[in-house]
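K.L.:
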Amino acid sequence: MKQMKKLIAVAVLFFGMVSFTNAQTKVAHINTQELISSMPEMKEAKDEFDKLQKSLGADIQASVTEYRNKLTQYTNEAPNKTDAENDSRKKELAELETRIQEAQAAAQKTAEQKYIDLTKPIQEKALAAIQKVAKEQGFAYVLDATPGSGVLLADGTDLMPAVKKELSIQ
């Protein structure tokens, strides 16, 4: 009987502490994707990234045009050329095709790295602002409410207005 009373007392104390702790924990949410998209720096980064992609695409397109022109020329001239010349031309076209594929892979790698370089400081700035606002308002946790992030219900405090104000975004 004494053990049962002790067990009940411990259980009440434990659940009381858990309830008290839960009552003190403040949780907020913010759609980080929406926040970052609304930052002026992101528009500038997107414009710069688009310019880079167009430039890289133009370089590759020039090589593809050269390849097609040579292919057409060599196909038309093939009946009048020797087997050795045709073999040499096939080898030249194969090398050009390989260079185009390598250029495409390099361009993609360059574009991916540039995107990371452009967006990382923006993401860090957004995160710093979220952390600052959350601390100022006393939140222990901030959940990412971006669609697909796993937050099924975002009925608590939305930090978006306060963080946008911190970043001077309208």
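Counting from 1, position 64 in the sequence shown corresponds to residue 257 in this note's numbering; the numbering is continuous, with no gaps. For each residue, glycine too, the CB sits at the ideal point set by N, CA and C. Being a predicted model, the structure only gives us computed values, none of them experimental.
(1) Taking buried to mean at least 16 other C-beta atoms within 10 Å of its own C-beta, is alanine 327 buried or exposed?
(2) Just the C-alpha distance for glutamate 300 and aspartate 310, rounded to the nearest angstrom, thanks.
(3) Looking at the secondary structure, which residues open and close the alpha helix (DSSP H) in which isoleucine 408 lies?
(4) Measuring CA to CA, which of Gln363, Leu352, Met235, Ile362 is closest to alanine 333?
(5) Mind checking valine 211: buried by the 16 CB within 10 Å criterion, or exposed?
(6) How would you call proline 224, buried or exposed, if buried means at least 16 neighbouring beta carbons within 10 angstroms?
(7) Need the endpoints of the alpha helix (DSSP H) that isoleucine 223 sits in, please.
(8) If we call anything under 9 Å between Cβ atoms a contact, is glycine 331 one with histidine 222?
(9) What's the call for alanine 338, buried or exposed, on a 16-neighbour Cβ count within 10 Å?
(10) Alpha carbon to alpha carbon, how far is lysine 307 from aspartate 280? Give it in angstroms, no decimals.
(11) Alpha carbon to alpha carbon, how far is proline 314 from lysine 283?
(12) Excluding the five sequence neighbours on either side, which residues of its own chain have a C-beta within less than 8 Å of the C-beta of lysine 318, listed in chain order?
(13) May I ask which residues mark the beginning and end of the alpha helix (DSSP H) holding leucine 336?
(14) According to the Cβ coordinates, are leucine 286 and lysine 263 closer than 9 Å?
(15) Quick check: what's the CA-CA separation for lysine 325 versus glycine 250?
P.N.:
Reading from the atomic positions:
(1) So alanine 327 ends up on the buried side.
(2) Here residue 300 turns out to be alanine, not glutamate, going by the sequence shown. Cα-Cα distance, rounded: 15 Å.
(3) Since the first residue of the chain shown is 194 and the last is 363, residue 408 is not available in this structure.
(4) Leu352
(5) Only weak support is given to the placement of valine 211: the predicted model assigns it a pLDDT of 49, under 50, and the question is left unresolved by the model.
(6) Per the sequence shown, the amino acid found at residue 224 is asparagine instead of proline. Buried, because 16 or more other Cβ atoms sit within 10 Å of the Cβ of asparagine 224.
(7) Careful: isoleucine 223 lies outside any alpha helix (DSSP H), inside the beta strand (DSSP E) at 220-223.
(8) The answer is no: Cβ separation not under 9 Å.
(9) buried
(10) 40 Å
(11) Straight across, the Cα-Cα distance linking proline 314 with lysine 283 is about 48 Å.
(12) Met232, Glu234, Leu360
(13) No alpha helix (DSSP H) holds leucine 336; the beta strand (DSSP E) holding it covers 334-337.
(14) yes
(15) 41 Å
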